[in-house]
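Here's the structure we're looking at; comments come further down.
What follows is the structure in structure tokens.
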């Protein structure tokens, strides 16, 4: 789907955010970018989205088919909904920006709200929804254009553990249903191991890829209790400690 | 009880004021009591109400011009960094210029008494609504701006669907401040222009009563001005709350 060739990004203040990032993204991948704060995960996500441009290197889309507007879905750390619009209006927004009428979009809006379990809350304003429900609306908004690539920037970091587990389960179910490619930024080893098929470990100063670990854990709600999941968490934790040069856990 | 507190305080204050004036025997031409002030108003209500209507007419005209001009300039500065760089420093001049210093010039330049006073009041009322709207247009969340960009939104869609709605609370807050300042600007300009022939507003009534030592009439006009200011503030506050409630915020 997409190949990153030796991407680099330096901010105007001189901070070297990314150096020599090379990565291949296949169609249908679920890839987690895992690392501590300041390792360039979000910067890399913005480069993938085309919201920022690299100073060196290039992004090569297969067959030269760079995504059109709406073909990349983006879910931010906060739900970032329009506070004056109800859930359905918020989900409609990307379609509206592409010139679609509300009437024509209505079936798609209903379908995607049902997919995230919010069909009963189509007319609720963001302030009437819980944090988890707002994030569901945000995910629905990202999915309504049926994106080829879904980029998620620590979307569950601000949620409580129960809501986070529920949304992680739902995200896996959606990924299986829709078959889109997901790049998921997180600083939680547990979250990365639970969700992703490929875990890319990044380290800071400058942000670069330390290593990549492929998950063989069967994804699903029961994964959290599986011994293979625990083993994967341990493997990723040790790899991260080695990459960061920190002492292993006693 | 909390809602009644301002009214109870006002009643207590008026009673104490009247009592102090009566007990001390201060002459009416120095400090009139509330009863004398009400009496002065009731002696000629049509004149006071006509003056009030004149002052409020100028105030609302100035507020409307300020709101339209403030929003237009804020939009221009949002759309063009060059316009922002060119105009922003100069808008502060409007904020810091004492209106009484330039009102005589405005009266001479503009000529028409009504228009002169509207121009002076607009100069005073313009800055809050302009600066608040400009801040609101710039305050659209960065993530939402990214979302709009990702979905191919043009400048018009971003303005219409994001920046303008996001700026509404800022605009309403600025308008509320400008409402009070429009009245202050109107009165200041009327005082200056009054001696130049504009003899209709409440400020002129204050000047006229002052020249004749009719202090209760002066206070009656002042009381009407204060009540107008409170009413303008409350009305604009209620408008803001109603609009925000309608948006579900």
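Protein chains in written order, with this note's numbering: chain F, 5 to 254; chain D, 85 to 333.
Each residue gets a CB set at the ideal place from its N, CA and C atoms; glycine is no exception.
Below-8 Å beta-carbon distance, residue i vs any chain D residue
i	result
residue 254 (chain F)	Bear in mind that a pLDDT of 46 at residue 254 (chain F), under 50, signals an unreliable position, so the number given afterwards is only what the model happens to contain. So, not an interface residue.
residue 53 (chain F)	yes
residue 174 (chain F)	no
residue 98 (chain F)	yes
residue 101 (chain F)	yes
residue 73 (chain F)	yes
residue 198 (chain F)	no
residue 84 (chain F)	yes
residue 106 (chain F)	no
residue 87 (chain F)	yes
residue 129 (chain F)	yes
residue 6 (chain F)	no
Sheet register partners of residue i (DSSP bridge)
i	result
residue 77 (chain F)	F:154
residue 302 (chain D)	Paired residue(s): none; residue 302 (chain D) is not in a bridge.
residue 125 (chain D)	None, per the DSSP bridge assignment.
residue 216 (chain F)	F:204
residue 211 (chain F)	F:22
residue 13 (chain F)	F:22
residue 34 (chain F)	F:186
residue 168 (chain D)	Per DSSP, none; premise fails for residue 168 (chain D).
residue 114 (chain D)	Answer by DSSP bridge pairing: none, since residue 114 (chain D) is not bridged.
residue 28 (chain F)	F:7
Interface residues of chain D facing residue i [CB-CB closer than 9 Å]
i	result
residue 159 (chain F)	Here the premise fails: no neighbours, minimum Cβ distance about 12 Å.
Proximal residues of chain D, C-beta to C-beta of residue i below 7 Å
i	result
residue 76 (chain F)	234
residue 80 (chain F)	227
Residue closest to residue i, alpha-carbon to alpha-carbon, out of the options
i	options	result
residue 229 (chain D)	F:134, F:55, F:185	F:55
residue 188 (chain D)	D:141, D:153, D:277, D:105	D:277
residue 262 (chain D)	D:126, D:212, D:103	D:212
residue 73 (chain F)	F:60, F:97, F:82	F:97
residue 237 (chain F)	F:157, F:217, F:249	F:217
residue 59 (chain F)	F:198, F:69, F:8	F:8
residue 31 (chain D)	D:323, D:332, D:310, D:294	For chain D, the structure presents residues 85 to 333; residue 31 (chain D) sits outside this window and is missing.
residue 120 (chain F)	F:241, F:179, F:47	F:179
residue 38 (chain F)	F:225, F:188, F:249, F:228	F:188
residue 125 (chain F)	F:94, F:6, F:109	F:94
residue 103 (chain F)	D:237, D:126, D:264	D:237
residue 22 (chain F)	F:33, F:61, F:53, F:36	F:61
residue 66 (chain F)	F:28, F:117, F:135, F:174	F:28
residue 162 (chain F)	F:192, F:155, F:209, F:153	F:192
residue 241 (chain D)	F:100, F:143, F:159, F:203	F:100
residue 223 (chain D)	D:252, D:205, D:95	D:252
residue 154 (chain D)	D:258, D:329, D:140, D:327	D:258
residue 150 (chain D)	D:215, D:298, D:220, D:209	D:209
residue 117 (chain D)	D:125, D:126, D:106	D:106
residue 201 (chain D)	D:274, D:130, D:94, D:148	D:274
residue 313 (chain D)	D:292, D:284, D:271, D:330	D:271
residue 239 (chain F)	F:203, F:44, F:148	F:203
residue 298 (chain D)	D:89, D:125, D:85	D:125
residue 220 (chain F)	F:47, F:235, F:247	F:235
C-beta neighbour in chain F for residue i, strict 8 Å
i	result
residue 333 (chain D)	yes
residue 280 (chain D)	Since pLDDT at residue 280 (chain D) reaches only 47, below the 50 mark, its modelled position is unreliable, and no value is offered.
residue 230 (chain D)	yes
residue 128 (chain D)	no
residue 327 (chain D)	no
Chain-ordered neighbours of residue i on chain F, where CB pairs are closer than 7 Å
i	result
residue 237 (chain D)	101
residue 256 (chain D)	Correct list: empty, because the minimum Cβ distance to chain F is about 13 Å.
Contact list for residue i against chain F, beta-carbon separation under 8 Å
i	result
residue 249 (chain D)	86, 88
residue 196 (chain D)	Correct list: empty, because the minimum Cβ distance to chain F is about 42 Å.
Taking only runs that begin and end inside the region 40-98 of chain F, name each unbroken alpha helix (DSSP H) of 4 or more residues, in chain order. Runs of alpha helix (DSSP H) with 4 or more residues, each lying fully within the region 40-98 of chain F, are found at 45-53, listed in chain order.
Which runs of the alpha helix (DSSP H), 4 residues or longer, sit entirely within the region 103-143 of chain F? Counting whole runs of 4 or more residues, the region 103-143 of chain F contains the alpha helix (DSSP H) stretches 106-119.
Would you mind listing the beta strand (DSSP E) stretches within the region 190-273 of chain D that are 3+ residues and don't spill past its ends, in chain order? Counting whole runs of 3 or more residues, the region 190-273 of chain D contains no beta strand (DSSP E) stretch at all.
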